[in-house]
Structure formats: C-alpha cells, structure tokens
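**Student:** One structure, as structure tokens, below. Some questions next.
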Amino acid sequence: VVLCDRTVPCGAAAQTALTAAGVDLTPVSYEQDVKSALTKVELKEADAAVVYRTDVRAAGDRVEGVEFPESAEAVNDYPIALLENAPNPTAAKAFVALVRSPEGRKVLTGAGFLAP
1 VVLCDRTVPC GAAAQTALTA AGVDLTPVSY EQDVKSALTK VELKEADAAV
51 VYRTDVRAAG DRVEGVEFPE SAEAVNDYPI ALLENAPNPT AAKAFVALVR
101 SPEGRKVLTG AGFLAP
C-alpha cells in the first residue's frame with residue numbers, strides 16, 4: 001500500500017480515514033502528492049493506494065476504486081474566493097458564479113466531489 005505523506009492534504013485525509021476505520025498500515029512508500037501515489041498503482045509498483053475518489057474517477061479504467069464508509073471522516077474543504085486585487089474581477093466573479101451554479105455543481109459531483 002502507498003500513502004501520501006502525512007504532511008500533505010491527501011496524507012492527512014488518508015490517516016483520518018484509516019484511523020476512523022481502525023486500520024494501521026505500514027506503507028511501502030509515502031508520496032508527496034496523490035498523483036504520485038496513484039501512479040504507483042497504475043504502474044503496478046504497488047497493489048493499492050489510499051487516494052481521493054476524484055482521482056480514481058479521473059484514472060478511468062486504469063484502476064479500481066473501493067470506497068469505505070470511514071472515508072466520510074476525511075473531507076477536505078476547497079474554498080473559492082475573489083481576490084480583492086484580482087487582475088480581471090469580472091472574469092473572477094463569472095468563474096465563481098459558474099462553480100456555484102447548478103451546472104458547476106453537476107460537473108463537480110460528476111468528478112466525485114461532494115455537494116457543498
């Protein structure tokens with residue numbers, strides 16, 4: 001099993017989920033990001049990795065995802081905000097509106113993100 005390093009968000013989330021599940025793993029490696037962890041599985045350098053649902057979906061049929069209920073304990077928040085000094089405030093406002101719209105939410109949930 002491959003895990004992200006505990007100092008990065010994917011590693012902290014994995015540790016939270018594993019602790020909630022009562023699972024103690026000794027990974028074969030700690031990776032600096034979720035892509036690196038998932039790539040180890042795709043290249044058959046590891047049998048499994050604890051990664052985000054969104055990355056499993058993006059990998060398509062190259063990997064098989066297995067969800068476990070305790071992963072609900074490890075939710076990462078992704079805030080969206082307008083910068084006060086945004087170089088293009090009109091485009092920034094339009095982007096935030098798109099993300100928060102029904103269309104934007106559909107795209108995000110289709111990629112595996114939870115609804116806000």
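Per full-length UniProt numbering, the sequence shown starts with residue 1, numbered consecutively.
Even glycine gets a Cβ: it sits at the ideal position worked out from N, Cα and C.
Pull up the distance between the alpha-carbon of residue 35 and that of residue 55, whole angstroms please.
**Tutor:** 8 Å
**Student:** Please tell me whether, using a cut-off of 6 Å, the distance from the CB of residue 21 to the nearest non-hydrogen atom of the ligand GDP is below it.
**Tutor:** Absence of the ligand GDP from the depicted structure is noted, as is the absence of any ligand whatsoever, leaving it without description.
**Student:** Give me the residue from 2, 82, 13 and 70 with the minimum Cα distance to residue 93.
**Tutor:** Taking only the C-alpha atoms, the option nearest residue 93 is 82.
**Student:** How long is the line joining the alpha carbons of residue 15 and residue 64, rounded to whole angstroms?
**Tutor:** About 20 Å.
**Student:** Quick check: what's the CA-CA separation for residue 96 versus residue 105?
**Tutor:** Inter-residue distance for residue 96 and residue 105 is about 11 Å (C-alpha atoms, whole angstroms).
**Student:** Pick from 46, 103 and 1: whose alpha carbon is nearest that of residue 27?
**Tutor:** 1
**Student:** Helix or strand or just coil, what does DSSP make of residue 84?
**Tutor:** Residue 84 falls in the coil class under three-state DSSP.
**Student:** Who pairs with residue 31 in a beta bridge, going by DSSP?
**Tutor:** Looking at the DSSP output, residue 31 sits in a beta bridge with 4.
**Student:** For the putative contact between residue 49 and residue 3, defined by C-beta atoms under 8 Å, what is the C-beta separation to the nearest angstrom?
**Tutor:** 7 Å
**Student:** Over the uninterrupted alpha helix (DSSP H) stretch that includes residue 74, give me the two end residues.
**Tutor:** Here residue 74 belongs to no alpha helix (DSSP H), and DSSP marks it neither H nor E.
**Student:** Which one of 46, 108, 84 and 20 has the shortest CA to CA distance from residue 78?
**Tutor:** 108
**Student:** Give the straight-line distance between the Cα atoms of residue 74 and residue 88, rounded to the nearest whole angstrom.
**Tutor:** 34 Å
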